[in-house]
Structures are given as structure tokens and as C-alpha cells.
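full-length UniProt numbering puts the first sequence at residues 1 to 497. Worksheet: one structure, shown below.
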Amino acid sequence: MLQRTMSIELHRVQGKYNYDRLADAVVCVDKKVNFYGIVAEYEQPKSTRGDDCLCTMTVVDMSYNTPGLRVLYFAPADQMPRVNTVGDIIRFHRIQMRSHADAPQAIGNPKYGASFVLLSGLEGDGYEPYQKSHSRYSVEAHDRDIVDLLRTWASSHPIDTFAGTNKYMKQIKDINVESYFDLCCKILYVNEQSAENSVIIYVWDGTDTSPACLNPVEQGESDDPGQDLWSAKELALPVDVMRSFPVLGTVLPLVPFDVAEDDSGPQIPLAGDWVKLRNIGCRIRKGLYEGIFLHKSKIGILSPSTQAVQNCERAYKERLTSETLRLPQWCPKPPQSMLVTGYDHVKVSTLREVLTHPQVTNKFRCMVRVMATWPTDVLDFCVPLPESTAGGKDQPEQGAFVYAVRFTLEDPTGRLHVFLYGQDAVDFFVGYPAVDLRQQGDTVGALKRKVDRLLGVSESGPSNPPWVNCCLMSYYLDKERPHDTRRFRIFGTRFPG
DNA sequence: TTTTGGGG
Numbered sequence: 001m002l003q004r005t006m007s008i009e010l011h012r013v014q015g016k017y018n019y020d021r022l023a024d025a026v027v028c029v030d031k032k033v034n035f036y037g038i039v040a041e042y043e044q045p046k047s048t049r050g051d052d053c054l055c056t057m058t059v060v061d062m063s064y065n066t067p068g069l070r071v072l073y074f075a076p077a078d079q080m081p082r083v084n085t086v087g088d089i090i091r092f093h094r095i096q097m098r099s100h101a102d103a104p105q106a107i108g109n110p111k112y113g114a115s116f117v118l119l120s121g122l123e124g125d126g127y128e129p130y131q132k133s134h135s136r137y138s139v140e141a142h143d144r145d146i147v148d149l150l151r152t153w154a155s156s157h158p159i160d161t162f163a164g165t166n167k168y169m170k171q172i173k174d175i176n177v178e179s180y181f182d183l184c185c186k187i188l189y190v191n192e193q194s195a196e197n198s199v200i201i202y203v204w205d206g207t208d209t210s211p212a213c214l215n216p217v218e219q220g221e222s223d224d225p226g227q228d229l230w231s232a233k234e235l236a237l238p239v240d241v242m243r244s245f246p247v248l249g250t251v252l253p254l255v256p257f258d259v260a261e262d263d264s265g266p267q268i269p270l271a272g273d274w275v276k277l278r279n280i281g282c283r284i285r286k287g288l289y290e291g292i293f294l295h296k297s298k299i300g301i302l303s304p305s306t307q308a309v310q311n312c313e314r315a316y317k318e319r320l321t322s323e324t325l326r327l328p329q330w331c332p333k334p335p336q337s338m339l340v341t342g343y344d345h346v347k348v349s350t351l352r353e354v355l356t357h358p359q360v361t362n363k364f365r366c367m368v369r370v371m372a373t374w375p376t377d378v379l380d381f382c383v384p385l386p387e388s389t390a391g392g393k394d395q396p397e398q399g400a401f402v403y404a405v406r407f408t409l410e411d412p413t414g415r416l417h418v419f420l421y422g423q424d425a426v427d428f429f430v431g432y433p434a435v436d437l438r439q440q441g442d443t444v445g446a447l448k449r450k451v452d453r454l455l456g457v458s459e460s461g462p463s464n465p466p467w468v469n470c471c472l473m474s475y476y477l478d479k480e481r482p483h484d485t486r487r488f489r490i491f492g493t494r495f496p497g
């Protein structure tokens, strides 16, 4: 009914311009046409190898709503259509119809006469464009009729029916370095402090990346694997920034995000926006996933009402409410741990919750993987007790040694250095008190077997640490500066066997 | 008038 009405309207043209329905436009290959469309997908402008920028979009109307018509618009950066929201209405004049890969497409270029106006797709929002490519434009009676028809139709056709998921779409939990993919995700943080003209954006969809291995090439490159490769700095965003993040789910950095500047400023997505990243890749650096924004990648806007966004938010809310779903998604269920704590009834916290806890001193239970130890050699796990506690210089106390070890812990939300020290370590290693390990070969062998199990060391292939639960306690070194001198240590955790 | 890029 509406289709017929629009058809009648379109052919009863009184104004200067004749507008085609999209179904009619797509058969006009190699001709220039005028049409109205609802923007179902829109990707931000990006630079090309040529002089112009390019932005792409998919437009639909009631005559042509699946899969819609792809539009490519070439123009200088300051003449790009800047679509506010999926669902807005765009009008093109003198846009060239073409065929590519057996599908119709429209190519617009103001150099060859193309123009556009953009206006809201909501009923009752008036007829004043919020952006126009030229200062002279007209909105006649029949333009208002077409806008009304499109708005009415769109109000009963949610945008999801236009821009659903596709075969390239992945969740963060399923990404791997072998393929390119699309991601529907929320921008949590935009770091503009990094290199000039480049920013790092941090994205999230509520799911957890799979455990990553260290790249053997990187291992070879590192001078000091224990200290450098497992640096906790890689994830060290300011605590107040991390505190604004959701407590579950991996936050994926996206690098490098090249910024196309123009007169209206750089086109950087804003924190809080949901976007569809198109055709991005990923890699593993220092054991952590990074998204890679390639020259073929694009960033598309998403309405928060989109089904894909709603699905992310619903799944995340469900994760929050369930003890089991809160656990890392790649951790076996029910969880098995070679470490035993005396606090298995205590709720499991993510490392992000640990890192952002408002109180400096607190206790937690975490489900983590032990990625590395420092020292790396078990032989160096015990050190002589400091003299002040070990007795006089002239009479060193027999066996006055103490464990002093640092573990690098990881879960999908973060990486954390924790200390295993003193009596907590004696309890942890069960049956192996601190000794001068250079004098105790049997103890060294037993400890090494335990540590290798903890690190998931295997004869063939890279280490794959198992998931373990452990108790952590935060404390400070300097009472005057508790936040700046906060440290973490393992307590109440045993490694029997 | 028709390069750029177009889900590589």
C-alpha cells in the first residue's frame, strides 16, 4: 500500500527534480539519477590514494530494503556527508548508477555534479536539512511528501531489519590472528596522548579474548624476558579510566587508529559510542590481543537500539548476575584449580575489579593464569633474610632464608604482578620451607616441577598455563602515599601435590 | 567529464 502510494507520489512530480524509487534507480546503470534513501549503514570518511576522501553507506527505501543500495561518495574531507544516526534520510541529486560485482552501486562526486542533503528520519522532525553539500538547495512540497512517506515507513520498520549481522561479524571472544572480521563494540576510551595524528581507541563487547601465547619471535627479541615481556604496563591505563570500564570483558586496544583531519576537526569516535568496525585484523603483542585498523578497515556508526548492540548489552547483564558466567569465558566449567584456597565461598573478582578497587587494602579471590615468575629460575626463589631480622652480622642464623617471588597473573580483564613472600609462600608450596636452594637440590627439583605445572610448560609448543584460583591481598608500602605504593600479594592459597 | 575504492 505504502509502496504504491510512494510510487504515485514520485511520478506526480511538480518540482524541478524527479526522484526515483531505489528499485527503479538500480536499473539505470550508467545514468545519473536523483533519489531519497534511509541510511541503514554509514562508514566514516577516510582518505584515499587519490585527492578525495571516500565515505560509504547503504541506503534503503520501501522498494529496496534488502540488502539495500551501496553508495560511494568521493569528495574533499570538508564536503563529506556526516550522517548523525543510522535511520537518517539522505537525498542525492545527479548521482551515477553503476554496477560492481553484479550488484548495483551509486557513485557520487560533487566534481561531477552530485549533491546531497541530510535530515532526520524521525516523524515530526521538520524538513530542514542538518547538512547540505551546497548552500542552494530546495525542499518543495513533493520533497516533504517523500520525507513523510519514508519516515512513516521507517517508524514501522526497525533499523535492524536493514543492517543485521553478517558472515564477517565476530565477538571479541572469537577473534584470532588468522582472519579479518567485523566487530560490533562500544568505544570505552579514546587515548589521544599517543603519537601525533594517531590515537588508540579501546573497545569492548562484554566477552573475553581467548588465552594468548607469547609470540616466539617476540621472546627471541627480548633482552630481559622476565621483566620486559610480562610488563604490567601494557594494560596500565590510569586507574580512574579503568574504573569507568565494565568489570567483566576484555578491553581491546585498536592500533593504530589513523585520524583523517579536516576543517571540522578529526573524525575520532567518542567514548560511549557503539560502532561497527569493518574489516579489522588483530595480532598478539607481548601476550595480549590488539585490534589492527588496516587501510581497508572502516568504522561504521551503530544506533544503540540496533539488535547487535542490544544483544551485547543483554548478554553482559546476564554475565553480571551469574557466578558461573562471571568466570573467564575460556575457563573450564565447572572450574578446576590445582591451587586450593581456604575461601572458595568468596565471590570471584576480575583483575580489573582488583585494580580499580577504591580501598587500597582489600582481599580478593581471582580466577587467573600464572604467566611468568620472577625470578625465572626456581634456584633464585629464596633469598637470605635481611640481617636486621636474621640476627647479628657475626652470627648468621642457620637456614635464615625467605621466599621472595613475583608472579605475573592474567585474566581476560587485566594483567597483575603479585608477590609471594615469607610464610604465605611456605604455605603455598606445601612441605618446602624456605632454604638456601643452592644447597638443596631435591627441593629445587620439587619446586621446579610445581612451577612448570603452574605455568603449563610443555615439552612441545608454547606454555599454556591452566586456570587457577587464588587469594590476593592488597597493601601499601608507604602510609603517606597508599594509592601510589599499592602492592598485591598472594595469601591463603596452597599448591598441594 | 568519471581516478580514488568497491568485503582483499
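Yeah, the Cβ is synthetic: ideal placement off N, Cα and C, and Gly gets one too.
Query                                                                                       : Result
Enclosing alpha helix (DSSP H) for V147 [first to last residue]                             : 141 to 155
Residue span of the beta strand (DSSP E) that contains N65, given as start and end          : 64 to 75
Three-state secondary structure (DSSP) of L455                                              : helix
Beta bridge counterpart(s) of W467 as assigned by DSSP                                      : R369
For V331, the first and last residue of its enclosing alpha helix (DSSP H)                  : First, the residue type needs correcting, since residue 331 is Cys and not Val in the sequence shown. Note, C331: premise wrong, no alpha helix (DSSP H); not H, not E.
Identity of the residues DSSP links to K317 by a beta bridge                                : DSSP lists no partner for K317.
Option nearest M80 by Cα separation, candidates G68, K111, D102, S179                       : K111
Check whether R352 and T413 have beta carbons under 8 Å apart                               : yes
Cβ contact check for the region 36 to 50 and the region 75 to 89: 3 or more pairs under 8 Å : yes
From L294, T306, I301, R243, residue whose alpha carbon lies closest to that of L270        : I301
Separation of L416 from K286, as counted between CA atoms                                   : 14 Å
For L188, the nearest candidate out of H483, V247, S156, S135 (CA to CA)                    : V247
Coil, strand or helix - T341 by DSSP                                                        : strand
I95 beta carbon less than 8 Å from that of G121                                             : no
Element boundaries [alpha helix (DSSP H), containing F116]                                  : Careful: F116 lies outside any alpha helix (DSSP H), inside the beta strand (DSSP E) at 115 to 119.
Option in Q307, Q131, D182 with minimal Cα separation from V294                             : With the sequence shown as reference, residue 294 is identified as Leu, and Val is not the correct amino acid for it. Nearest option by C-alpha distance: D182.
S474 versus Q310 - alpha carbon distance                                                    : 36 Å
Burial state of Q336 (16 or more Cβ within 10 Å)                                            : exposed
Of the listed residues S297, I280, V203, C28, nearest to F245 (C-alpha basis)               : V203
Residues near P466 by beta carbon distance below 6 Å, same chain, minus five either side    : G456
For Q131, the residue or residues it bridges with in DSSP                                   : L118
Top-ranked residue by Cα proximity to D436, from S133, P384, M338                           : P384
Rounded separation between E410 and S463 - CA only                                          : 14 Å
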